[in-house]
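Student:
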Ligand code: 13P
Ligand code: SF4
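In our numbering, the protein residues as written are 1 to 359.
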C-alpha cells in the first residue's frame, strides 16, 4: 500500500492568501427583516432558488429554507440544483459549489454573492501542477474531492464529497484500482486508514479544520467526559482518532439529533451550530479547540470564504445580476462526467442526504 504524498513544489508551499473575515455591518432586527423581505421578493420575481451550505450565516440558511431552497452539505447542494426546475440558482457557499451547480446545469443561470469566495483546498491545487502530477501516474484512477476547480475536475475520473468518498474509494479498491487522490491529505489519509486502499496523495489541506488541536481536545474531553466527539474528516489524524463520529456536515448534524448524549464536542466550522441548535435545542454544543496553550488560530473554526456570503451581497447580486458563474464549455463538458459518475453512484447505492453509512 502506498502512503506517499506529492512533493511537487507547487503543492507544498501555500501560494494563496487567507483573507481576514469580512466585517459585515450589524443590522437591527427591522433592517434584517426588510432586507430578507426584499430578497424573498427578488427570488420570486426572478424564479430563482437559494442553495446554501451549512457553514454560511444562519440568516442565509433560514432564508434558503423559507423560500423553498435548501441548506445542505456539498453533495446534496449539487443534487438539489439538478432536481429543482428553477432557471436561476443562487449558491451561497464557496466557489466550487457554484461551479459544480453550473457544470451540472449549463442551461441555468448560477449566481453567487461573492465569486472570490474560494477554498484553501481549491486554491492549493492549481490545475497545471495537478495535471503534471496525474501525467506522472497514468496507472492510477484519479479521484478528486469536490473542493476543486472545474479544470481539476475535468482531469478526474471521479469527483467525491465527504458524504460519499468512503463508499466510492471502497468500490474502486474492490475493483483492484490504485488511486491518485487530491487535494485534501487529511481526508485522504482518513479514507485510506478505513479502506486500506492504495492512495497517492496531493499535499493539500483545509485551513479551518487543520487548526483543530489534538492535545487541547484531550483536555476538553476530560472536562466533558460524557460528551460525544464529532469530527469532520478534513481534520488532522490525531483529532479524528478521538472522534465518536467522523463524517460530512450532514452526518454530524444527524449524530446530534440521533445520539443519546446531552453534550457534543464539535470539530468543524462553527456555522454548523445553527442547524444543530435548531434540530436539537436541548443539547449542549461545545466548540473543539483551535488554539491550544500558546497557540493562536488563523481561521478560528470559521471559514473566511464562507463568511463572504451575507444578506447584503445576496440582495445586491439578485438586483444587479452580477456574479454569474461562467465556465468554459469544453472544461465543463469534461468536468461533468466525474461529477455525474458520483451522483449516479449515489443513486445506485442508495446514498441519500441522510448520509447512509458514509463519512
Ligand atoms: P461537506 O460536504 O461535508 O458539507 O463539506 C464541505 C466542506 O467544504 C467542508 O469544509
Ligand atoms: Fe474549504 Fe475548509 Fe472552507 Fe470547507 S471550511 S470551504 S474545506 S477552506
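Beta carbons are placed, not taken as given, at the ideal position from N, Cα and C, and that holds for glycine.
Measuring straight from C-alpha to C-alpha, what distance separates residue 349 and residue 101?
Tutor: On the chain shown, residue 349 is found 349 positions in, with the first residue counted as 1. On the chain shown, residue 101 is found 101 positions in, with the first residue counted as 1. Near 22 Å, if we compare the C-alpha coordinates of residue 101 and residue 349.
Student: How far does the beta strand (DSSP E) with residue 88 in it reach, from first residue to last?
Tutor: Residue numbering aside, residue 88 sits at position 88 when the chain shown is read from its first letter. It spans 88 to 92 - the beta strand (DSSP E) in which residue 88 sits, taken as one unbroken run.
Student: The beta strand (DSSP E) with residue 265 in it runs from where to where?
Tutor: On the chain shown, position 265 is the one that residue 265 refers to. Its beta strand (DSSP E) spans residues 263 to 267.
Student: Per DSSP, which residues does residue 72 bridge with? Please list them.
Tutor: Locating residue 72 in the chain shown gives position 72, where the first residue counts as 1. 53, per the DSSP bridge assignment.
Student: For residue 111, does the three-state DSSP call read helix, strand or coil?
Tutor: Residue 111 sits at position 111 when you count from the first residue of the chain shown. DSSP, read as helix, strand or coil, puts residue 111 in strand.
Student: Kindly provide the ranges of any alpha helix (DSSP H) runs that are 4 or more residues long and lie completely inside the region 128 to 194, ordered along the chain.
Tutor: 150 to 154, 165 to 174
Student: Thinking C-alpha only, which one of 297, 296, 299, 267 is nearest residue 285?
Tutor: Walking along the chain shown from the start, residue 285 turns up at place 285. Ranking the options by Cα distance to residue 285, first place goes to 267.
Student: Within the present structure, is the beta-carbon of residue 114 separated from the nearest heavy atom of ligand 1 by less than 8 Å?
Tutor: Translated into the one-based positions of the chain shown, residue 114 becomes position 114. No, Cβ of residue 114 sits at least 8 Å from all heavy atoms of ligand 1.
Student: Please list, in chain order, all residues with a C-beta atom less than 5 Å from at least one heavy atom of ligand 1.
Tutor: Checking every Cβ against the heavy atoms of ligand 1 under 5 Å gives 73, 74, 161, 162, 248, 249.
Student: What is the residue span of the beta strand (DSSP E) that residue 308 lies within?
Tutor: What you label residue 308 is simply residue 308 of the chain shown in a count that begins at 1. No beta strand (DSSP E) holds residue 308; DSSP gives it neither H nor E.
Student: Please check the pair residue 48 and residue 318, which I expect to be a contact at CB under 8 Å, by giving their CB distance rounded to whole angstroms.
Tutor: Indexing the chain shown from 1 puts residue 48 at position 48. Indexing the chain shown from 1 puts residue 318 at position 318. So it is a contact: roughly 7 Å between Cβ atoms.
Student: I want to check one thing, is the minimum distance from the CB of residue 121 to the heavy atoms of ligand 2 below 8 Å?
Tutor: Reading the chain shown from its first residue, position 121 is the one you call residue 121. For ligand 2, at least one heavy atom lies less than 8 Å from the Cβ of residue 121.
Student: Between residue 149 and residue 186, is the Cβ-Cβ spacing less than 9 Å?
Tutor: Reading the chain shown from its first residue, position 149 is the one you call residue 149. Reading the chain shown from its first residue, position 186 is the one you call residue 186. For residue 149 and residue 186, no; Cβs fall outside 9 Å.
Student: Less than 9 Å between the C-beta atoms of residue 19 and residue 313, yes or no?
Tutor: The residue given as residue 19 occupies position 19 in the chain shown. The residue given as residue 313 occupies position 313 in the chain shown. Taking 9 Å as the Cβ cut-off, residue 19 and residue 313 do not qualify as a contacting pair.
Student: Looking at the strands, I want to know which residues DSSP matches up with residue 230.
Tutor: As a position in the chain shown, residue 230 is number 230, starting the count at 1. Residue 230 is bridged to 245, 266.
Student: Would you tell me roughly how many angstroms separate the C-alpha atoms of residue 339 and residue 104, rounded to the nearest one?
Tutor: Taking the chain shown and counting its residues from 1, one reaches residue 339 at position 339. Taking the chain shown and counting its residues from 1, one reaches residue 104 at position 104. Going by the C-alpha atoms only, they are around 8 Å apart.
Student: Any heavy atom of ligand 2 inside 8 Å of the beta-carbon of residue 306?
Tutor: Taking the first residue of the chain shown as 1, we reach residue 306 at position 306. Because some heavy atom of ligand 2 lies under 8 Å away, the Cβ of residue 306 counts as near it: yes.
Student: Kindly indicate the opening and closing residues of the beta strand (DSSP E) around residue 342.
Tutor: Locating residue 342 in the chain shown gives position 342, where the first residue counts as 1. Per DSSP, residue 342 belongs to no beta strand (DSSP E); it is in the alpha helix (DSSP H), 329 to 348.
Student: Should residue 14 go down as buried or exposed, given a rule of 16 or more other Cβ atoms within 10 Å for buried?
Tutor: Along the chain shown, one-based indexing puts residue 14 at 14. Counting Cβ neighbours within 10 Å, residue 14 comes out exposed, since fewer than 16 surround it.
Student: Residue 326 by DSSP, collapsed to three states: which one?
Tutor: For the purposes of this step, residue 326 is taken as the residue at position 326 of the chain shown. DSSP places residue 326 in coil when its eight states are reduced to three.
Student: Can you pull the DSSP bridge partners for residue 48?
Tutor: By 1-based counting over the chain shown, the position of residue 48 is 48. Answer is 88.
Student: Count the other CB atoms, across all protein chains shown, that sit within 10 Å of the CB of residue 310; report buried if there are 16 or more and exposed otherwise.
Tutor: Mapped onto the chain shown, residue 310 falls at position 310. Buried is the call here.
Student: Taking residue 324 and residue 111 to be in contact with their CB atoms under 8 Å, please state how far apart those CB atoms are, rounded to whole angstroms.
Tutor: On the chain shown, residue 324 is found 324 positions in, with the first residue counted as 1. On the chain shown, residue 111 is found 111 positions in, with the first residue counted as 1. Yes, they are in contact, since the Cβ atoms of residue 324 and residue 111 sit about 6 Å apart, within 8 Å.
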